[in-house]
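In what follows, a single structure is set out as structure tokens and then discussed.
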Amino acid sequence: MNAVGNTQAKIYGIGAEFQSARDLYHAAEKIRDAGFQKWDVFSPFPIHGMDEAMGMKKSILGKIVFFGGLTGFLTAVSLEFGTSSFLYPLIVAGKPTNLYTVPAFFPVMFELTILLSAFTAVFGMLILNGLPRLNHQLFNWDRFKLVTEDKFFVAIEAHDAKFSSRSVSDFLESIGGTNITTIHGD
Amino acid sequence: MSSGHEPSQPGSHTFDYKHVGGRFIGLVALAIVAYAAVGFGAINDTKQFAFSYLFAFTFFFTICMGGLFWTLVHHAVDAEWSVVVRRQLENMASLLVVMAILFIPLIFVAPKLWYWMTKLPGQDILLDEKWPYLTEEFFWIRAAFYFLFFGIAALWLRSNSIKQDVTGDARYTLLNRKITFASLPLFAVSLTFAAIDWLMGLDYHWFSTMWGVYIFAGTALSSLCVLVLIITALRNAGYFQNIITLEHYHILGKLMLAFTIFWAYIGFSQYMLIWYANIPEETVYFLRRNTENWQILSTALVVGHFFVPFLLLLPNLGKKKPAFLCGMAFWILSMHMLDIYVIVLPVLHKAGASLSWLDVACIAAIGCTLAAIFLKRLGDAPLWPLKDPRLKKSIALKN
């Protein structure tokens with residue numbers, strides 16, 4: 116078995132190469148069924164149904180975004196009513212702040228809800244994905260660069276509870292992986 | 034795809050009239066009774082008849098237009114998911130030809146509805162300024178053009194689609210796409226100006242640049258609701274087995290949510306711009322609808338047309354449950370009816386809403402007519418495009 120990176124450093128994980136999206140898909144199903152938790156697949160393009168093949172749970176991002184949107188909504192409500200209704204009551208064009216003049220406040224509530232939801236969605240997604248980052252141990256493996264061309268990869272990480280170098284590499288070989296490589300850190 | 038071997042079996046692609054049975058006769062009978070009542074009312078109280086009929090006409094017209102809209106969208110974006118429901122949309126759109134015939138009574142009561150027709154040149158500067166748009170000749174030419182266009186587009190798309198059921202020739206898909214690209218701008222213009230002519234024209238002093246989009250929002254939403262009801266009824270009768278899955282319902286539910294929000298967005302934008310600019314010429318529309326007991330109906334519209342469906346459709350719970358979606362569809366359709374009611378009738382009942390039996394009779398007359406002809410259309414052609422090149426992928430839809 117090949118080893119790449121600084122072989123004195125800790126092992127990041129074991130990678131395997133596959134030749135097609137179909138192979139990768141079925142490999143993912145087998146890895147999922149084998150009970151691994153810390154692993155990922157890499158492909159030049161999105162593969163439909165891969166999240167199910169990997170047994171991924173629904174992201175919690177939606178729930179986080181809800182609270183982001185709620186924050187935006189409440190910010191707008193408190194800024195609008197707080198300032199022009201309590202701290203310094205305003206009457207514009209003969210319209211005091213009451214239930215019937217609330218429409219003037221809607222656009223701000225709407226926009227701030229959308230704005231903070233969108234921010235939470237984008238930045239929450241980046242944080243959940245561990246981004247941004249400058250480098251990744253996987254890049255120590257030269258063949259992995261083909262992932263942006265026509266090759267498909269799987270990597271099982273060393274901190275998976277079921278990880279052991281020998282059994283994982285045998286397992287990856289048994290499900291059809293080639294160029295199985297131990298990837299060390301820097 | 035089997036063809037002709039198992040006719041009239043549930044699960045087959047041909048609609049069997051036995052599922053309708055006596056109800057078809059019932060519909061026709063009810064329609065005849067309703068027309069008799071409407072005719073009686075038209076003689077007794079022509080003005081009430083004119084507004085009630087326009088109300089009922091607009092309600093069903095928007096639904097049929099929605100059928101045409103979704104068919105056009107399907108072809109324009111080369112959609113995959115909607116192949117299995119497209120025939121029902123085409124059936125809905127083909128009813129526009131019937132709407133053209135049902136428009137005829139309005140010709141006779143036109144001056145009672147659109148009172149600018151009774152004004153002479155020089156009487157009202159605001160009307161003279163709108164020359165030559167608001168002249169009787171141009172008004173009827175426009176109406177004829179709308180129905181000519183709607184009819185041709187709807188029937189042509191449907192007939193190509195049915196021809197493909199036999200040959201499976203992909204040429205028809207491409208031809209329909211070409212028709213669609215020619216039709217889309219015409220559709221937008223026709224729907225907008227039809228809304229301006231028939232609804233905004235009820236008070237020619239008033240104007241709103243959001244009007245066409247506002248009517249369109251209700252159009253797209255209400256036709257989705259009718260589509261949900263149609264396919265659920267057919268599924269319950271045993272059709273569409275393994276053709277329309279819960280995934281399709283999921284998409285329809287998502288679109289219903291999207292257009293609920295769209296309706297509210299457009300409705301609010303229209304309201305707020307007029308409300309805060311506070312120009313008497315513009316506020317007259319909302320002044321009427323926000324006073325007397327019209328106020329209650331307008332408020333009910335905000336709650337019932339937006340907040341209720343929005344909050345119920347937002348979670349993922351119900352979108353894959355046909356029964357739930359049907360409940361929502363009924364609710365939204367009744368709200369759409371209220372929406373049209375609050376658009377049309379305040380022009381007549383200035384002192385406050387008062388429901389007339391003619392409102393109900395007109396809805397029954399037009400509704401039964403369309404339902405009966407729709408049932409006939411169901412059996413005329415296969416229930417879904419049998420040989421559409423994308424049918425398989427549409428059936429295998431996954432959200």
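Which chain is which? The protein sequence lines are A and B, in order.
Residues are numbered in my numbering as their position in the first sequence, beginning at 1, plus a constant of 115.
Residues are numbered in my numbering as their position in the second sequence, beginning at 1, plus a constant of 33.
By construction, the Cβ of each residue, glycine as well, lies at the ideal position given by its N, Cα and C atoms.
(request) Closer than 6 angstroms by C-beta to B/Val-317: which residues in its own chain qualify, once you throw out the five before and the five after it? Chain order, please. (result) For the purposes of this step, residue 317 of chain B is identified with residue 284 of the second sequence, where counting begins at 1. Only Trp-239 meet the Cβ criterion.
(message) Tell me the rounded alpha-carbon separation between B/Leu-219 and B/Trp-244.
(response) Taking the second sequence and counting its residues from 1, the one referred to as residue 219 of chain B is at position 186. Taking the second sequence and counting its residues from 1, the one referred to as residue 244 of chain B is at position 211. C-alpha separation (whole angstroms): 17 angstroms.
(message) Please report the distance separating the alpha-carbon of A/Asp-301 from that of A/Leu-243.
(response) Residue 301 of chain A sits at position 186 when you count from the first residue of the first sequence. Residue 243 of chain A sits at position 128 when you count from the first residue of the first sequence. Rounded to whole angstroms, A/Asp-301 to A/Leu-243 spans 24 angstroms at the Cα level.
(request) Quick one: residues in its chain with C-beta nearer than 8 angstroms to the C-beta of B/Phe-343, no 5 flanking neighbours on either side, listed in chain order? (result) Position 310 of the second sequence, counted from the first residue, corresponds to residue 343 of chain B. Only Leu-290, Thr-293, Ile-294, Ala-297 meet the Cβ criterion.
(message) Checking 9 angstroms against the spacing of the C-beta atoms, do B/Tyr-374 and B/Leu-403 come in under that value?
(response) If you number the second sequence from 1, residue 374 of chain B lands on position 341. If you number the second sequence from 1, residue 403 of chain B lands on position 370. In this structure, B/Tyr-374 lies away from B/Leu-403, with their beta-carbon atoms at least 9 angstroms apart.
(message) Taking the beta strand (DSSP E) that A/His-141 belongs to, which residues open and close that run?
(response) One-based indexing of the first sequence puts residue 141 of chain A at position 26. Looking at the DSSP string, A/His-141 is not in any beta strand (DSSP E); the run it does join, the alpha helix (DSSP H), is 136-149.
(message) Can you check whether the C-beta of A/Ala-233 is within less than 9 angstroms of a C-beta belonging to chain B?
(response) The sequence position of residue 233 of chain A within the first sequence is 118, counting from 1. It does not; no Cβ of chain B falls within 9 angstroms.
(message) At the 9 angstroms Cβ level, is B/Phe-90 part of the contact set with chain A, yes or no?
(response) Walking along the second sequence from the start, residue 90 of chain B turns up at place 57. Any Cβ of chain A closer than 9 angstroms to the Cβ of B/Phe-90 would place that residue at the interface, and such an atom is absent.
(request) Kindly indicate which three-state DSSP category A/Gly-130 falls into: helix, strand or coil? (result) Counting from 1 along the first sequence, the entry for residue 130 of chain A is found at position 15. Residue state, collapsed to three classes: strand.
(message) Beta-carbon within less than 7 angstroms of A/Met-224's beta-carbon, same chain only, minus the 5 sequence neighbours each way: which residues are those?
(response) By 1-based counting over the first sequence, the position of residue 224 of chain A is 109. Taken in chain order, the residues that qualify are Phe-188, Ala-191, Val-192.
(message) Is it buried or exposed, B/Asn-349, if we count other Cβ atoms within 10 angstroms and call 16 or more buried?
(response) Taking the first residue of the second sequence as position 1, residue 349 of chain B is located at position 316. Per the 10 Å Cβ criterion, exposed.
(request) Kindly indicate the opening and closing residues of the alpha helix (DSSP H) around B/Ile-284. (result) Counting from 1 along the second sequence, the entry for residue 284 of chain B is found at position 251. Residues 279-310.
(request) Compare the C-beta of B/Met-34 against all C-beta atoms of chain A and say whether one is closer than 9 angstroms. (result) Here residue 34 of chain B refers to the residue found at position 1 of the second sequence. In this prediction, B/Met-34 has a pLDDT of 39, which is less than 50 and means its spatial position is unreliable; what the coordinates show is noted afterwards. No, because no Cβ of chain A sits closer than 9 angstroms to the Cβ of B/Met-34.
(message) Is it buried or exposed, B/Pro-40, if we count other Cβ atoms within 10 angstroms and call 16 or more buried?
(response) As a position in the second sequence, residue 40 of chain B is number 7, starting the count at 1. With a pLDDT of only 41 at B/Pro-40, under 50, the local geometry of the prediction cannot be trusted, and the value read off the model is given with reservation. The residue is exposed, with fewer than 16 neighbouring Cβ atoms inside 10 Å.
(message) Less than 7 angstroms between C-beta atoms, sequence neighbours within five positions excluded: which residues of the same chain meet that for A/Glu-288?
(response) Position 173 of the first sequence, counted from the start, is the residue given in the question as residue 288 of chain A. The residues are Ile-295.
(request) Could you tell me which residues DSSP pairs with A/Thr-297 in its beta bridges? (result) Along the first sequence, read from residue 1 onward, the residue named residue 297 of chain A stands at position 182. Note: A/Thr-297 sits in a beta bridge opposite A/Ala-118, A/Ile-129.
(message) If distances are taken between C-alpha atoms only, which option among B/Asn-269, B/Leu-257, B/Gly-271, B/Gln-303 comes closest to B/Tyr-247?
(response) Within the second sequence, residue 247 of chain B is the residue found at index 214, counting from 1. It is B/Gln-303 whose Cα lies nearest to the Cα of B/Tyr-247.
(message) Would you call the region 65-75 of chain B in contact with the region 404-420 of chain B, where contact means no fewer than 3 C-beta pairs closer than 8 angstroms?
(response) Contact fails: fewer than three Cβ-Cβ distances are below 8 angstroms.
(request) Would you kindly work out how many angstroms separate the C-alpha atoms of B/Gly-37 and B/Leu-419, rounded to a whole number? (result) Within the second sequence, numbered from 1, the residue matching residue 37 of chain B stands at position 4. Within the second sequence, numbered from 1, the residue matching residue 419 of chain B stands at position 386. A caution first: B/Gly-37 carries a pLDDT of 40, below 50, which makes its placement in the model unreliable, though a value can still be read off. Distance between the alpha carbons of B/Gly-37 and B/Leu-419 is about 12 angstroms.
(message) With a threshold of 9 angstroms between beta-carbons, can B/Phe-301 be considered close to chain A, or not?
(response) Working through the second sequence from its first residue, we reach residue 301 of chain B at position 268. True, the Cβ-Cβ gap to chain A drops below 9 angstroms.
(request) Assuming A/Val-156 and A/Asn-255 form a contact by the criterion Cβ under 8 angstroms, report the distance between their Cβ atoms to the nearest whole angstrom. (result) Looking up residue 156 of chain A in the first sequence gives position 41. Looking up residue 255 of chain A in the first sequence gives position 140. A Cβ-Cβ separation of about 18 angstroms leaves A/Val-156 out of contact with A/Asn-255 under the 8 angstroms criterion.
(message) Looking at A/Pro-293: is its Cβ nearer than 9 angstroms to the Cβ of A/Glu-144?
(response) For the purposes of this step, residue 293 of chain A is taken as the residue at position 178 of the first sequence. For the purposes of this step, residue 144 of chain A is taken as the residue at position 29 of the first sequence. Reading the sequence as shown, one finds Thr at residue 293 of chain A and not Pro. Cβ atoms of A/Thr-293 and A/Glu-144: not closer than 9 angstroms.
(message) Taking the beta strand (DSSP E) that A/Glu-272 belongs to, which residues open and close that run?
(response) Counted from its first residue, the first sequence places residue 272 of chain A at position 157. Counting along the chain, the beta strand (DSSP E) containing A/Glu-272 begins and ends at 267-272.
(message) Which residue wins for smallest C-alpha separation from B/His-382, given the options B/Ala-221, B/Ala-83, B/Thr-206, B/Ser-223?
(response) As a position in the second sequence, residue 382 of chain B is number 349, starting the count at 1. For the residues B/Ala-221, B/Ala-83, B/Thr-206, B/Ser-223, the minimum Cα distance to B/His-382 belongs to B/Ala-83.
(request) Return the residue from the list B/Leu-63, B/Glu-315, B/Leu-87, B/Ala-384 that minimises the CA-CA distance to B/Asp-3. (result) Summary: the structure shown does not reach residue 3 of chain B, with chain B confined to residues 34 through 432, and so no result is reported for it.
(message) For chain A, check one thing: does any of its Cβ atoms lie closer than 9 angstroms to the Cβ of B/Lys-353?
(response) Here the question's residue 353 of chain B lines up with position 320 in the second sequence. For B/Lys-353, the answer is no, since every Cβ of chain A falls outside 9 angstroms of its Cβ.
(message) DSSP three-state label for A/Pro-222, please.
(response) Translated into positions along the first sequence, residue 222 of chain A becomes position 107. Looking at A/Pro-222 - three-state DSSP - the assignment turns out to be helix.
(request) With B/Phe-102 as the anchor, note down where its alpha helix (DSSP H) starts and where it stops. (result) Numbered from 1 along the second sequence, position 69 holds the residue referred to as residue 102 of chain B. 79-109 is the span of the alpha helix (DSSP H), which, as asked, contains B/Phe-102.
(message) Short of 8 angstroms in beta carbon distance, which residues of its chain neighbour B/Cys-258, apart from the five on each side in sequence? Order them along the chain.
(response) One-based indexing of the second sequence puts residue 258 of chain B at position 225. Cβ neighbours of B/Cys-258 beyond the five flanking positions: Met-289, Met-361, Ala-362, Phe-363, Ile-365, Leu-366, His-369.
(message) Pop quiz: B/Leu-434 and B/Phe-183 are said to be a contact at Cβ under 8 angstroms. What is the actual Cβ separation, rounded to whole angstroms?
(response) Nothing about residue 434 of chain B can be reported from this structure: the residues present for chain B run from 34 to 432 only.
(request) Can you grab the Cα-Cα spacing for the pair B/Val-377 / B/Leu-235, in whole Å? (result) Along the second sequence, read from residue 1 onward, the residue named residue 377 of chain B stands at position 344. Along the second sequence, read from residue 1 onward, the residue named residue 235 of chain B stands at position 202. So the two alpha carbons sit approximately 8 angstroms from each other.
(request) Starting from the beta carbon of B/Trp-296, find every residue of chain A whose beta carbon is closer than 9 angstroms, and list them in chain order. (result) As a first step, residue 296 of chain B is located in the second sequence; it is residue number 263 there, counting from the start. Within chain A, no residue comes near B/Trp-296; the closest Cβ sits about 15 angstroms away, beyond 9 angstroms.
(message) The alpha helix (DSSP H) that contains B/Phe-182, what's its start and end?
(response) Here the question's residue 182 of chain B lines up with position 149 in the second sequence. First-last of the alpha helix (DSSP H) with B/Phe-182: 169-200.
(request) Would you mind working out which of B/Asp-413, B/Pro-313, B/Gly-286 sits nearest B/Lys-354, comparing C-alpha positions? (result) Counted from its first residue, the second sequence places residue 354 of chain B at position 321. Checking every option, the nearest Cα to that of B/Lys-354 belongs to B/Gly-286.
(message) Just to confirm the assignment, what range does the alpha helix (DSSP H) spanning B/Phe-372 have?
(response) Along the second sequence, read from residue 1 onward, the residue named residue 372 of chain B stands at position 339. The amino acid occupying residue 372 of chain B in the given sequence is Asp; Phe does not appear at that position. Taken as a continuous stretch (DSSP letters only), the alpha helix (DSSP H) holding B/Asp-372 covers 355-377.
(request) List the residues of chain A whose Cβ lies closer than 7 angstroms to the Cβ of B/Trp-308, in chain order. (result) Numbered from 1 along the second sequence, position 275 holds the residue referred to as residue 308 of chain B. Listed along the chain, the chain A residues whose CB falls inside 7 angstroms of the CB of B/Trp-308 are Pro-218.
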